[in-house]
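In what follows, a structure is listed as structure tokens, so that the remarks can point back to it.
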Amino acid sequence: MSECCTEIEAIRRQSGSQLLILGHQYQGPDVLAHVDVIGDSLELARKAAASSAERIVFCGVHFMAESADILTRPDQHVYMPETGAGCPMADMADASAVDRAWSFLRRNGDGWLPVVYVNSTATVKAFCGKNGGSACTSSNAPRVFQWALKQDRKIFFLPDIHLGINSAHDLGIPDEETAIYDYRRPDGGLSAADLHRSRILVWGGFCPIHVNFTVADVQAARSNWPDAKIIVHPEAPKEVVRMADAHGSTSQIITYVRNAAPGSTIVIGTESQLVKRLASEFKDRLSIRMLKGSFCPNMAKTNETNLLRVLRDWPDRNRVRVAQYLAADARLCLERMLSL
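Structure representation (structure tokens):
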């Protein structure tokens, strides 16, 4: 065991219940060896809120730590080992662009309700909460969509184009009733007629990790492992999702693997660290393959060295604080989802 590893574990023992270390599923094994809970972003934020710990260290990316700060109490402090670990997809929906889009929608008719993926900034969550909308995860997005549609509302979904399109398709909504808002163009490149025909409007952001997967990758997997089942994340493009045998969130992918019959071959299209860990965990009864290597460099910014630095020094620059004027509305956005 390295000196760094030994020191981290000593601090954990000394801190007891006053310290909670959370690790996202995409973290590497060196970091996950030191965490108390491994999970998806919202699951971890809820664990933080339910904890009595005074100090919470979130090993993930920035929007995840923001969600933890939004849901925790004022006496709990959330830290990140590396606050520069961001999310390109979340950054594709900045506040000013979202405000311009909302103004465009409101000028062309009422009836829109925002739904935001939890993979979004606190500012975007606050916008959603303020305007009556709800957050969603990659597993419950169709259910949140149904909640909005039952109110006879049109959905303005952001920031992930592919989760939006795939969730609408899962509900049987025709592709022609789903429009794409290109945030790089004036009015998203849309006309009033485009808005009128659409039930779902999806922001044009994307996850660089999951858009790496292509139809050619699925075809190659079918050729290489004819008897395999292929499961991909719904942040992948619709052409890939519709060719796969199944699609689901990180937790749903893990459940799919756990429930697979012994001797099965499963090809997984999601972030590489998770696939490697599943392949190791289930190597005695399953053959798990990677659809294609797709590594998240922002997750990799967290390591044992900067984790130890936070635990030893608690630098103020590593603390994650969501401004109160944002936190109240952002909390509404999350709580609406949790109440469904």
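Those letters in the sequence shown? Residues 1 to 340, by my numbering.
The beta carbon of each residue, even a glycine, is placed where N, CA and C say it ideally should be.
Pair within 8 angstroms by beta-carbon distance, residue i and residue j
i    : j    : result
V78  : R319 : yes
L158 : V118 : no
A95  : F63  : no
N166 : P234 : yes
L307 : I70  : no
A93  : Y183 : yes
C59  : L20  : no
E271 : V31  : no
M337 : V144 : yes
I230 : V257 : no
G204 : I180 : yes
V267 : L286 : no
A220 : A228 : no
E48  : S17  : Residue identity check: residue 48 is Ala in the sequence provided, not Glu. No, Cβ-Cβ distance for A48 and S17 is not below 8 angstroms.
T121 : L42  : no
V218 : V240 : yes
Boundaries of the alpha helix (DSSP H) in which residue i is found, first to last residue
i    : result
K47  : S41 to A50
W314 : W314 -> no alpha helix (DSSP H), and no H or E assigned at all.
W147 : A141 to L149
K276 : S272 to E281
M89  : P88 to D91
R197 : A192 to R197
V211 : Premise fails: V211 is in no alpha helix (DSSP H) and is neither H nor E.
E239 : K238 to M243
Coarse secondary structure for residue i, derived from DSSP in three states
i    : result
I11  : helix
G205 : strand
F156 : strand
I56  : strand
T6   : helix
S138 : coil
M64  : helix
I165 : helix
R185 : coil
L326 : helix
K301 : helix
S249 : coil
Y26  : coil
V320 : strand
L19  : strand
H77  : strand
T255 : helix
A220 : helix
Buried versus exposed, by CB contacts within 10 Å (16 or more), residue i
i    : result
A45  : buried
L334 : buried
N259 : exposed
V215 : exposed
E82  : buried
N140 : buried
H196 : exposed
K154 : buried
E66  : buried
F295 : exposed
T72  : buried
D316 : exposed
From the options, residue whose alpha carbon lies closest to that of residue i
i    : options                   : result
S249 : N259, A236 and A261       : A236
G28  : D284, A300, V144 and Y256 : A300
A151 : D110, Y181 and P186       : The residue you asked about is not Ala; residue 151 is Gln in the sequence shown. For the residues D110, Y181 and P186, the minimum Cα distance to Q151 belongs to D110.
Q201 : S51, V115 and V144        : For clarity, residue 201 is Leu in the given sequence; the question names Gln instead. Per the Cα distances, V115.
N298 : Q273, V310 and K283       : Q273
I126 : L338, L340, L326 and P262 : It should be pointed out that residue 126 corresponds to Ala in this sequence rather than to Ile. Selected option, being the one with the closest Cα: L326.
A68  : A50, F104 and K154        : A50
T178 : R289, S198 and G172       : S198
W102 : G84, S138 and G188        : G188
F104 : D194, R317 and S294       : D194
R106 : A220, A192 and A330       : A192
P262 : D40, K283, W225 and G84   : K283
L190 : N108, I253, V232 and L332 : N108
Q76  : V61, I56 and G86          : I56
Residue i: first and last residue of the uninterrupted beta strand (DSSP E) it sits in
i    : result
K130 : It is not in any beta strand (DSSP E) - K130 instead sits in the alpha helix (DSSP H) that spans A122 to K130.
P114 : W112 to Y117
I173 : Segment: none, I173 is in no beta strand (DSSP E) and carries neither H nor E.
M290 : S287 to M290
V98  : Careful: V98 lies outside any beta strand (DSSP E), inside the alpha helix (DSSP H) at A95 to R107.
V267 : T265 to G269
V35  : That residue, V35, is in no beta strand (DSSP E); it is neither H nor E in DSSP.
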